[in-house]
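Q:
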Amino acid sequence: MAKKNALVKRLSSVETLGSASVICSDKTGTLTQNQMTVTHLWTLNHSYEVTGQGYQAKGHIHIGPTQIDAHHDQTLFELLRADLLVDNARIVTPDEHHQRYTILGDPTEACLEVVAEKGGLDPKAERQATPRIKELPFDSDRKMMTVILKSDAQHQFNVATKGAPNRVIEQCSTCLLNGQVVPLTAELKQQVMDANNGYARRGLRVLAVAGRRLPDEMDNDLSQATIKTVEKDLTFIGLSVMVDPPREEVRKSAESCHRAHIKIIMITGDYGLTAKSIAQNIGIVDPHKPLAVVTGPELKKMSDDELKEKLKGEIVFARMTPEQKYRVVHTLQSMGEVIAVTGDGVNDAPALKKADIGVAMGLTGTDVAKEAADMILTDDNFASIVAAIREGRGVYANIRKFLLYILNSNEPEALPSVLFLLSGGTIPLALSVMQILSVDLGTDLIPAIGLGKENAEKGVMDQPPRSPKSHLINKNLLLKAFAWYGLLASIISTAAYFADNYWNGHVWPNLASSGLDYSQATTMTLAAIIFCQIAAVLNIRYQRNTMFNKHFWDNSMIFIGILFEIILLLCICNVPFLRSVFGTAPLLGHHWIILACIPFVLIAVDELRKVILRHWHK
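In UniProt numbering, the protein residues as written are 1 to 618.
(1) Distance check for K458 and E607, CA to CA, integer angstroms please.
(2) Could you check where the beta strand (DSSP E) with D233 kicks off and where it finishes?
(3) Can you round the beta-carbon distance between Q280 and L291 to whole angstroms, since I take them to be within the 8 Å contact cut?
(4) Nearest to I267 by CA position, among L41, R319 and A536, is which residue?
(5) Which same chain residues, not among the five before or five after F138, have their C-beta less than 6 Å away from its C-beta?
(6) What are the complete alpha helix (DSSP H) segments, minimum 4 residues, inside the segment 552-587?
(7) Got a sec? Which residues, its chain only, sit under 8 Å from L419 by beta carbon, not counting five neighbours each side?
(8) Give me, in chain order, the residues of the same chain whose beta-carbon lies closer than 8 Å to that of R142; leave out the 5 immediate sequence neighbours on both sides.
(9) What do you reckon, are the CB atoms on I262 and A20 nearer than 8 Å?
(10) Can you say whether V38 is buried or exposed, counting buried as having 16 or more other CB atoms within 10 angstroms of its CB?
(11) Return the bridge partner residues of F317 from the DSSP annotation.
(12) If you run the structure through DSSP and keep just helix, strand and coil, what is residue 626?
(13) Output needed for residue 639: all residues of its chain with C-beta closer than 7 Å, excluding positions within five of it in sequence on either side, in chain order.
(14) For residue 689, which three-state DSSP category applies?
(15) Determine the direct distance from the alpha carbon of V86 to that of K134, and round the result to whole angstroms.
(16) Could you tell me whether any non-hydrogen atom of the ligand ZN is closer than 7 Å to the CB of G269?
(17) Determine the extent of the beta strand (DSSP E) in which V92 is found, giving its start and end residues.
(18) Going along the chain, which unbroken runs of the beta strand (DSSP E) with 3 or more residues stay wholly within the segment 81-167?
(19) Ends of the alpha helix (DSSP H) at Q280?
(20) Helix, strand or coil for S470, going by three-state DSSP, please let me know.
(21) How big is the Cα-Cα spacing for D374 and V346?
(22) On the DSSP letters alone, give me the boundaries of the beta strand (DSSP E) that W42 sits inside.
(23) Taking 8 Å as the threshold, find out whether the segment 439-456 comes into contact with the segment 508-517 through three or more Cβ pairs.
(24) When you compare the CB of D517 with every CB in chain D, is at least one pair closer than 8 Å?
(25) For the alpha helix (DSSP H) containing Q520, name the first residue and the last one.
(26) Is the beta carbon of residue 619 less than 8 Å from the beta carbon of A536?
(27) Determine the contact status of I339 and V8, defining contact as a CB-CB distance below 8 Å.
(28) Taking all protein chains shown into account, decide if H615 is buried (16 or more other Cβ within 10 angstroms of its Cβ) or exposed.
(29) Going by C-alpha to C-alpha distance, which of N45, T102, T130 and V50 sits closest to L84?
(30) Which residue marks the beginning of the beta strand (DSSP E) containing F205, and which one marks its end?
(31) Is there contact between the segment 172-182 and the segment 42-58, where contact requires at least three CB pairs shorter than 8 Å?
(32) If I follow the unbroken beta strand (DSSP E) through T66, where does it start and stop?
(33) Per DSSP, which residues does P246 bridge with? Please list them.
(34) Whole angstroms is fine: what's the gap from L563's alpha carbon to P464's?
(35) Taking 8 Å as the threshold, find out whether the segment 102-120 comes into contact with the segment 66-73 through three or more Cβ pairs.
(36) Considering only residues of the same chain and omitting the five flanking positions on each side of E63, which have a CB-CB separation below 8 Å?
This is the structure:
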């Protein structure tokens, strides 16, 4: 699993992964690439398009075909300047230590510096000219952050605020229009929200930017500068619109989850329309079913029963706080679901701890989140969660294959003792204790280990999650072990015992009970069981699919084990010392011809069973 970018901290979580029925996933960086690029800017004067991608300042700002220099557009200049000054991220350009652009901080903020450069601003010069003297940091309740800047007579504002448009606009009383501060009327507010909603419906992320000038008395005494006193009577400047491209592999992984009856629920801090658009575009929700978008404030008003009813359908959660994320996880668990939850922040720790499988982000996750999680994704990629679930299902299936292989040989090993007792001794023991041990501790060992190394079988993600209450050894496994594989091996090994007696002139009730004929009959029984096990290990590899596929030779351990079985049998039959220990005798040519046919017969019979099974399930 580590090779597939999933570091498992708690081994038992691998088994739990196989029964996961719901994935509660973040959006940014997990479902998307977390590589923000500003594509549009919007003010009450104009809508601007921004060219160029990534963190290189290669591109321009346009209105239609006309390239715009922010120094000749006062409102655009103030928007870019505010974007730049509230930006806490820094971009490290490629050098001998970094092969590509590296972001120190939030990629959402890093792209604001890039767009400012595209507009003709010098980030370093602007920051030096207007240094930051106080910050009111972002929190998930108010959905905005503010910086207070050193007063500068050349600029209109010494406060810059960015955040969710619907939250920022509530704190604005004026707006910047044609370079002038004018009252923000209800009509202008509606224009802002219409623009925001239009971008959000396209899956774009929108930040509103506002500013103000502090009163002189507050400017001189920053202890008075609090959220309540600063984040009010703001002047709306504009919107910065960015795209965070979905990860290419997410759609395929989402389809795999749907086939596996695993529900995906996006829990994000983004705007509802943005979250809905992205969820639909990347295919994590069923397009044929109605989709509910529940925001944090709406969830706060819901009862647990109402939430449970919503969770039965397709749903996306937007503008969520970590506490609300915890509530969703708790409610899903009360509905009997097995939950995998992703998280990266300190506040995500309770939800990660509460989840059946907490999944922390390795690249962007905090140490607290990683400590609380059961698994860490080294690439922060949703596809790695799905790959881990597939691996978890494969591990559980391999344990069952291992048990099936080990259990099925017990029946032909026990049958000689049963026949001996039922016949009152007229049917001598067809296997000695040492011969039974040679199977259990010798020939079965390496093939059984090989089954534990099998890759997940094709179709493992086409089945519903197993119930966490289901037992590892259940009725189905026991029936398959004893009423199918074990029964076939018992019939063949017993037939081999009686056939060898017959060839040597012994028929019941006068079967050979000592001497070379008896040793040869028991050796033939032992060899028949071993060759039945050769067929069994090949048949058990694939429970529904045919073994004849392109992956037939992938597991070298299986074939090493088969070779070891044959070599060990040859040694037991032909090395004098081992013959005396195990009570065996050399086998003749006709014995080996019959033994060689056994796997082919059993494989053919089991392939027929699989064909019938596949047809039945269709």
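Where is the CB? At the ideal position from N, CA and C, for every residue including glycine.
A: In short:
(1) Counted from its first residue, the sequence shown places residue 607 at position 607. Counted from its first residue, the sequence shown places residue 458 at position 458. One C-alpha to the other measures close to 16 Å.
(2) Counted from its first residue, the sequence shown places residue 233 at position 233. Here D233 belongs to no beta strand (DSSP E), and DSSP marks it neither H nor E.
(3) Numbered from its first residue, the sequence shown carries residue 280 at position 280. Numbered from its first residue, the sequence shown carries residue 291 at position 291. Between the beta-carbon of Q280 and that of L291 there is about 7 Å, and that keeps the pair under the 8 Å contact cut.
(4) In the sequence shown, residue 267 corresponds to position 267, counting from 1. Nearest option by C-alpha distance: R319.
(5) Position 138 of the sequence shown holds residue 138. So the qualifying residues of the chain are M145.
(6) 556-574 and 576-582
(7) The residue given as residue 419 occupies position 419 in the sequence shown. Excluding residues within five positions, the ones whose Cβ falls inside 8 Å are I427, A430 and T494.
(8) On the sequence shown, position 142 is the one that residue 142 refers to. Within the same chain, R142 has close Cβ partners G163, R167, I227 and E231.
(9) Here the question's residue 262 lines up with position 262 in the sequence shown. Here the question's residue 20 lines up with position 20 in the sequence shown. Yes.
(10) Position 38 of the sequence shown, counted from the first residue, corresponds to residue 38. Buried: at least 16 other Cβ atoms inside 10 Å.
(11) Residue numbering aside, residue 317 sits at position 317 when the sequence shown is read from its first letter. Its beta-bridge partners are I267 and V294.
(12) For the chain, the structure presents residues 1 to 618; residue 626 sits outside this window and is missing.
(13) What is shown of the chain runs 1 to 618, which leaves residue 639 out entirely.
(14) Outside the modelled stretch of the chain, which goes from 1 to 618, sits residue 689, for which no answer is possible.
(15) The residue given as residue 134 occupies position 134 in the sequence shown. The residue given as residue 86 occupies position 86 in the sequence shown. Near 11 Å, if we compare the C-alpha coordinates of V86 and K134.
(16) Summarising the ligand content, the structure contains no ligands, and the ligand ZN is consequently not present.
(17) If you number the sequence shown from 1, residue 92 lands on position 92. From DSSP, the beta strand (DSSP E) with V92 extends over R90 to V92.
(18) 90-92, 102-104, 132-139, 144-149 and 159-163
(19) Numbered from its first residue, the sequence shown carries residue 280 at position 280. Where Q280 is concerned, the enclosing alpha helix (DSSP H) stretches over G272 to N281.
(20) For this step, residue 470 is matched to residue 470 along the sequence shown. Residue state, collapsed to three classes: coil.
(21) On the sequence shown, residue 374 is found 374 positions in, with the first residue counted as 1. On the sequence shown, residue 346 is found 346 positions in, with the first residue counted as 1. If you take the alpha carbons of D374 and V346, they lie about 15 Å apart.
(22) In the sequence shown, counting from the first residue as 1, residue 42 sits at position 42. Note, W42: beta strand (DSSP E), T37 to W42.
(23) no
(24) This model lacks chain D altogether; it includes just one protein chain.
(25) Residue 520 sits at position 520 when you count from the first residue of the sequence shown. In the DSSP annotation of this structure, the continuous segment of the alpha helix (DSSP H) that includes Q520 starts and ends at G515 to R541.
(26) In the structure as shown, the chain begins at 1 and stops at 618. Residue 619 is therefore absent and cannot be evaluated.
(27) Along the sequence shown, one-based indexing puts residue 339 at 339. Along the sequence shown, one-based indexing puts residue 8 at 8. Not closer than 8 Å, so no.
(28) Within the sequence shown, the letter at position 615 stands for residue 615. With fewer than 16 other Cβ atoms within 10 Å, it is exposed.
(29) The count along the sequence shown starts at 1 and reaches residue 84 at position 84. The candidate whose alpha carbon is nearest that of L84 is T130.
(30) By one-based count along the sequence shown, residue 205 stands at place 205. The sequence shown places Arg at residue 205, not Phe. Note, R205: beta strand (DSSP E), R205 to R212.
(31) yes
(32) By one-based count along the sequence shown, residue 66 stands at place 66. Run containing T66: T66 to I68, per the beta strand (DSSP E) assignment.
(33) Along the sequence shown, read from residue 1 onward, the residue named residue 246 stands at position 246. Answer is T32.
(34) The count along the sequence shown starts at 1 and reaches residue 563 at position 563. The count along the sequence shown starts at 1 and reaches residue 464 at position 464. C-alpha separation (whole angstroms): 37 Å.
(35) yes
(36) Start at 1 with the first residue of the sequence shown, and residue 63 comes out as number 63. Residue 63 is actually Ile in this sequence, not Glu. H46, S47, Y48 and E49, listed in sequence order.
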